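The working numbering numbers the first residue of the sequence shown as 896 and each following residue consecutively.
Note that CB positions come from ideal geometry on N, CA and C, so glycine has one too.
On a predicted model such as this, the values are computed, not experimentally measured, just so you know.
Notes follow once the structure below has been shown.
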Amino acid sequence: MWMVVPGSAHSTDIMGHQPKQFNDACEHHGNAASHLCHAHKTNVDDVLGNIIGPNHTPFVRRCSLKHALRCYGHSRRQRMRAKANVMQEVNVVVDHVRDLSIKAMLFTQHHALTLLEGSEPIPLHFGSQDYIYGVMQLLLGGHITNQNPNLPQDTESIFHAYVQSFETADLPTVQPLPGYSQTYAHMAKTLATAVKNGLAESFEPRCRTFLAFKFRSLIPANEKPTKKSLKKLVSFAYDTLCGTDSEPATPTYAHASWQDAVASVISNVTLGPTPVNLENLTAKFNLYLPVVYGFLAEMEAYNNAATGVVSEETIVDYADNKSCWELLTRLDQFNDLGRRQQNRLVRAFFKMVNHPTMPVRFGPKAWRLSSQWNDNIGNKNP
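What follows is the structure, encoded as structure tokens:
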């Protein structure tokens, strides 16, 4: 049943719900995105549909700029020269934006570590597009023009201290390239998304690793759970701490120490604001980042106490077989191989990453080992 509410241009039902609202100037649609609207603007899909028909399948053919670019000129020499000039300018811009993006991300990580090491709260807009664009302005030798009070107010002071830690020849600044502010803004948006995605995608694996570390340290050595049992304990603790609506399945406790360890972890460990889901990890990025940092700091302190070697003073430039195996097991294709093929690939990967002249080209051919690598698989590392 519908009725008209006085003072309103829209009708409502008896429950007070409004139907789908339409534009007063357009009777059959809501906005200009509809093809029925007189103000609709055609896009690329509309143009392609008008030329080749509505039922078409797009295909992409990748080719280099050298083959795709065609310049005009009276002679072949002029055309080749114009093409070379365009390609050179494109390479300059690409190298410039890549250099600026890498250095912006390096400083963003430095800024985050500076705040976390000082036990200072992470500002709400840390890592946002406006923040990274301001970092780019500093790298280009300018000042942050955005006066948003929600942005970190100590960015410039930390940046100047960051620059002073470098030698004159290795300054982390970038020579400005005028006329590309729009490119900087677009890249800042992409990097801001990458910063938040980096936390959202790695949060659960890092938390599970920390929970497994806690269980191994709390459960006595003679009652250590198997890998499968430990995984169940970690899943139960993680699902409980996440605060989701679903009730996690209670694992089977083979020993009383397992149950005590689970109770201790659930009561003493926090994962941040609940529920822990993708929406909160993205919206409350600044609240979950200290959680991950605290987990990593605790595991690093435990490792330093157990080995007697400070991690920051030790640079590991050699990969052993165990680390190579752990890296490859993260690939689904590797787990589909047979045991003999896996061992062969691990040995080949071990030789490649530790070789002084490691090949830089990887692809389908990298899986078919050359005769040179096959002959050296069983040898010692050169």
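Buried versus exposed, by CB contacts within 10 Å (16 or more), residue i
i, result
"ALA1087", "buried"
"GLN1070", "exposed"
"SER1141", "exposed"
"HIS1006", "buried"
"PRO1102", "Strictly speaking, residue 1102 in this sequence is Cys, with Pro absent from that position. Buried: at least 16 other Cβ atoms inside 10 Å."
"PRO901", "With a pLDDT of 43 at PRO901, under the threshold of 50, the predicted position of this residue should be treated as unreliable, though the coordinate-derived value follows. With fewer than 16 Cβ atoms within 10 Å of its Cβ, PRO901 is classed as exposed."
"ARG993", "exposed"
"ASP1049", "exposed"
"LEU1240", "buried"
"SER1171", "The amino acid at residue 1171 is misidentified as Ser; the sequence shows Val. VAL1171 should be labelled buried."
"SER970", "exposed"
"SER1060", "exposed"
"LEU1226", "exposed"
"PHE1190", "buried"
"LYS1122", "exposed"
"LEU931", "exposed"
"MET1031", "buried"
"TYR967", "exposed"
"SER929", "exposed"
CA nearest to the CA of residue i, picked from the options
i, options, result
"SER996", "ALA1243, LEU1035, GLY1093, PHE1021", "LEU1035"
"PRO1100", "ASP1134, TYR1197, THR1147, SER929", "ASP1134"
"ASP1025", "THR1177, ILE946, THR1085, LEU1066", "THR1085"
"CYS1219", "ASP1231, GLN1237, LEU1232, GLY1233", "GLN1237"
"ALA979", "MET1000, LYS936, LEU1184, HIS962", "HIS962"
"PHE1180", "CYS966, VAL1090, GLY944", "VAL1090"
"LEU1113", "ASN1230, ALA1083, TRP1153", "TRP1153"
"ALA999", "TYR967, GLU1118, ALA1149, ALA1083", "ALA1083"
"THR1145", "ALA1151, CYS1137, THR1139, LYS1127", "LYS1127"
"VAL989", "ARG976, LEU960, GLN1004", "LEU960"
"GLN1004", "ILE1027, GLU984, HIS991, VAL1248", "ILE1027"
"GLU1118", "THR937, PHE1098, ALA1149", "ALA1149"
"ASP1212", "LEU964, GLY944, VAL1248", "VAL1248"
"ASP940", "LEU931, THR952, ALA934", "THR952"
"LEU1033", "PHE1054, PRO1047, PRO1016, HIS1020", "PHE1054"
"THR1068", "HIS991, VAL942, GLY1022, TYR1197", "HIS991"
"ALA1214", "ASP1231, ALA1201, PRO1251", "PRO1251"
"GLY1138", "ALA1243, VAL955, GLN1228, GLY1167", "GLY1167"
"GLU1015", "GLN973, TYR1188, THR1104", "TYR1188"
"SER1124", "ILE1161, THR1147, GLY1233, GLY1037", "THR1147"
For residue i, the three-state DSSP class (helix, strand or coil)
i, result
"GLN1048", "coil"
"ILE1161", "helix"
"HIS991", "helix"
"ILE1114", "coil"
"ILE1017", "coil"
"THR1088", "helix"
"THR1121", "coil"
"HIS962", "helix"
"LEU1191", "helix"
"ARG957", "coil"
"SER1060", "coil"
"ILE1053", "helix"
"ARG972", "helix"
"LEU1072", "coil"
"SER1023", "coil"
"GLN932", "For clarity, residue 932 is Cys in the given sequence; the question names Gln instead. Looking at CYS932 - three-state DSSP - the assignment turns out to be coil, as it is neither helix nor strand."
"ARG1225", "coil"
"PRO1185", "helix"
"GLU1142", "coil"
"ASP1231", "coil"
"GLN1042", "coil"
"THR1202", "helix"
The ligand FMN heavy atom lying under 6 angstroms from the CB of residue i
i, result
"THR952", "Among the ligands in the structure shown, none appear at all, so the ligand FMN cannot be discussed."
Legend entry - Contact the region 1031-1042 vs the region 1106-1123: 3+ CB pairs below 8 angstroms: Taking a cut-off of 8 angstroms on C-beta distances, the region 1031-1042 does not touch the region 1106-1123, as fewer than three cross pairs fall below it.
Inset, instruction - Could you tell me whether the region 1072-1083 touches the region 1008-1015, where touching means 3 or more Cβ pairs closer than 8 angstroms? - result: The region 1072-1083 is not in contact with the region 1008-1015.
Inset, instruction - Could you tell me whether the region 1149-1161 touches the region 1125-1132, where touching means 3 or more Cβ pairs closer than 8 angstroms? - result: Short answer: they touch.
Inset, instruction - Decide if the region 1087-1096 is in contact with the region 1176-1196; the criterion is three or more beta carbon pairs, one per stretch, under 8 angstroms apart. - result: Flag = yes, the region 1087-1096 and the region 1176-1196 touch.
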